[in-house]
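Peer 1: Using my numbering, the first residue of the sequence shown is number 379, and each one after it goes up by one.
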Amino acid sequence: MTSPLNGIKVLDLSRVLAGPYCTMILGDLGADVIKVESETKIDETRTWGPPYKKDVSAYYLTANRNKKAITINLKTPEGKEIIKELIKESDVVVHNFKTGTMEKLGLDYKILSEINPRLIYCSITGFGETGPKKSIPGYDFVIQAMSGLMSITGNENSGPQKSGVAITDVLTGLYATIGIQAALLERHHSGKGQELDLALYDSAVSALVNIGSNYLMSGDIPKRLGNTHANIVPYQTFQTKNSEIVIAIGNDQQFARFCEIIKLAELASNEKYSTNEARVNNRDQLVSIIQAKMLKENSDYWEKACLKAGIPIGEILTLDKVFEDEQLKARNMLITYEHPTIGEIRMVGSPLKLSRTPIKYRYHPPGIGEHQAEVLKKYDKK
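Shown next, in the form of structure tokens:
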């Protein structure tokens, strides 16, 4: 049984999250990924803890499986020569150095594409390789602030809030993966490689989706709505007798069924609430009515009643409950394998489910230079 990207060779010059997340996905899909770290500067996430297990950080483990690891000093002629030799056999190179760094190293797309015209060269930076901000360093937290994402996250009283994870890194990693696979597919027809220019800033702004579109159409600067939705009502958290739950009603038919469940069927025919537009315009009054009803029963009661009627509803779970969920276990979203130095580790699996060429977990997240001899036996002249 083969893998979707079997035979594709990826040289991973990236570190931290966006780039490594991208190359891990490529590795999950069967690509041969070589992770290159500097002899003097390793991937910072190796030191981002706690938690650690025998000096291996949980952060590093999250984005580096299915790779082999080597170390090279890119500032030396010998190191650059090894990279160029590896490029001859590579299909893809991914880096996230600051704009201009690869040019200074003599490893930019122009030079590497002359060595291998079929090379897919993916650059991941904070603000991209062009534009007036191209030289500004970009970290996820900063990008969340500058992109507008923080301005719409939180509630009216909380002040701007960041996402609970480095979401712009994750999004950029996903966009990079999509772009690389598109370029590989195009190369199948043209025989030529190309350069991909991915920016965290661009990815974050693209993630504004309906909120960005709302502003562009109306000119109104959006307010922070907390756990409510700008365009749909009711679509938010509600306090029940014992906890908070999420109810996400997406159309008028669902709203009518929900009104029956809370024994207020007349709301569905009231012109103030019969359509989503009307419900958005009369949000506060309607939410107040619903909230009063929700407080009369426990979350379990509402969840069973709503699910029976096809109403989207869900409990707000902490991670201890998430990782005991039978659904995740059934979907193989929790994986366990042996690491040579820290023993058994549990990790989140890939969400990609392919029927004929399933994801394979071939390699543990590698130690520093773990595969040096294996990978560089043909090139290392030291």
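Quick reminder that beta carbons are idealized off the backbone N, C-alpha and C, glycines included.
So the alpha helix (DSSP H) D518 belongs to, where does it begin and stop?
Peer 2: D518 to M524
Peer 1: Less than 8 angstroms between the CB atoms is what I'm expecting for F616 and I625, so what's the real figure, rounded?
Peer 2: Going by Cβ atoms, the distance from F616 to I625 rounds to 6 angstroms, so yes, they are a contact pair.
Peer 1: Between S381 and the ligand MG, is there a pair consisting of the residue's CB and a ligand heavy atom that are separated by less than 7 angstroms?
Peer 2: Here there are no bound small molecules, and the ligand MG is not part of this structure.
Peer 1: Using 8 angstroms for Cβ pairs, my map puts L685 next to F701. What's the rounded Cβ distance?
Peer 2: Contact flag wrong, Cβ pair sits at about 22 angstroms.
Peer 1: So what does DSSP say about D678, is it helix, strand or coil?
Peer 2: helix
Peer 1: Taking the alpha-carbon positions, what's the K674 to I623 distance?
Peer 2: 14 angstroms
Peer 1: Once you ignore the five residues that flank V548 on each side, which residues in its own chain have a CB closer than 8 angstroms to its CB?
Peer 2: L395, A396 and Y399
Peer 1: If Y437 and T423 are in contact, beta carbons under 8 angstroms, what's the gap, nearest whole angstrom?
Peer 2: 5 angstroms
Peer 1: By DSSP's criteria, K324 is part of a beta bridge. Which residues make up the other side?
Peer 2: The structure shown does not extend to residue 324, since the chain spans only 379 to 760, so no value can be given for it.
Peer 1: Write down the C-beta distance between T401 and V388 rounded to the nearest angstrom, noting that I regard them as a contact closer than 8 angstroms.
Peer 2: 6 angstroms
Peer 1: Rounded to whole angstroms, how far is the Cβ of S728 from the Cβ of D406, which I believe are closer than 8 angstroms?
Peer 2: 5 angstroms
Peer 1: With three or more beta-carbon pairs closer than 8 angstroms as the criterion, would you say the stretch 510-522 touches the stretch 480-500?
Peer 2: no
Peer 1: May I ask which residues mark the beginning and end of the alpha helix (DSSP H) holding A560?
Peer 2: I545 to S568
Peer 1: Is there contact between the stretch 739-753 and the stretch 448-465, where contact requires at least three CB pairs shorter than 8 angstroms?
Peer 2: yes
Peer 1: Nearest to S541 by CA position, among G551, I639, E534 and I530, is which residue?
Peer 2: I530
Peer 1: Do T550 and L576 have their C-beta atoms within less than 8 angstroms of each other?
Peer 2: yes
Peer 1: Out of A687, N535 and K731, which has the shortest C-alpha to C-alpha gap to A708?
Peer 2: K731
Peer 1: Based on DSSP bridge pairs, tell me the residues matched to S435.
Peer 2: S435 pairs with Y430.
Peer 1: Among L485, Q539 and P612, which has the Cα closest to the Cα of S666?
Peer 2: P612
Peer 1: By alpha-carbon positions, which one of I639, G408 and K431 ends up nearest to A687?
Peer 2: I639
Peer 1: In the DSSP assignment, the beta strand (DSSP E) including E693 goes from what residue to what residue?
Peer 2: I691 to E693
Peer 1: Going by alpha carbons, who is nearest to A579 out of Q522, T555, N474 and I589?
Peer 2: The sequence as given places Tyr at residue 579; Ala does not occur at that position. If we check each option's Cα against that of Y579, Q522 comes out closest.
Peer 1: Is the CB of H717 under 8 angstroms away from at least one CB in chain C?
Peer 2: Considering every chain present, this structure includes no chain C. It has just one protein chain.
Peer 1: With which residues is M725 paired in a DSSP beta bridge?
Peer 2: I713
Peer 1: Taking 8 angstroms as the threshold, find out whether the stretch 735-746 comes into contact with the stretch 427-444 through three or more Cβ pairs.
Peer 2: Yes: the two stretches touch, three or more of their Cβ pairs being nearer than 8 angstroms.
Peer 1: Rounded to whole angstroms, what's the CA-CA distance from Y499 to K488? Just pull it up for me.
Peer 2: 10 angstroms
Peer 1: Got a sec? Which residues, its chain only, sit under 6 angstroms from F505 by beta carbon, not counting five neighbours each side?
Peer 2: K511, K512, I514, G516, A577 and Y579
Peer 1: Go through its chain and collect everything with a Cβ distance to R635's Cβ below 8 angstroms, but skip five positions before and after it.
Peer 2: A687, G688 and I689
Peer 1: I460 and Y757: beta carbons closer than 8 angstroms?
Peer 2: yes
Peer 1: Could you tell me whether the Cβ atoms of L563 and D469 are closer together than 8 angstroms?
Peer 2: no
Peer 1: What whole-angstrom Cβ distance do T719 and V434 have, given they're in contact under 8 angstroms?
Peer 2: 7 angstroms
Peer 1: Quickly, what does DSSP pair K387 with across the bridge? List them, please.
Peer 2: D410
Peer 1: What is the DSSP secondary structure of Q614, reduced to helix, strand or coil?
Peer 2: Here Q614 sits in strand by DSSP.
Peer 1: Please report the residue range of the alpha helix (DSSP H) in which V583 lies.
Peer 2: From DSSP, the alpha helix (DSSP H) with V583 extends over L578 to S584.
Peer 1: Can the beta-carbon of E681 be found less than 8 angstroms from the beta-carbon of I694?
Peer 2: no
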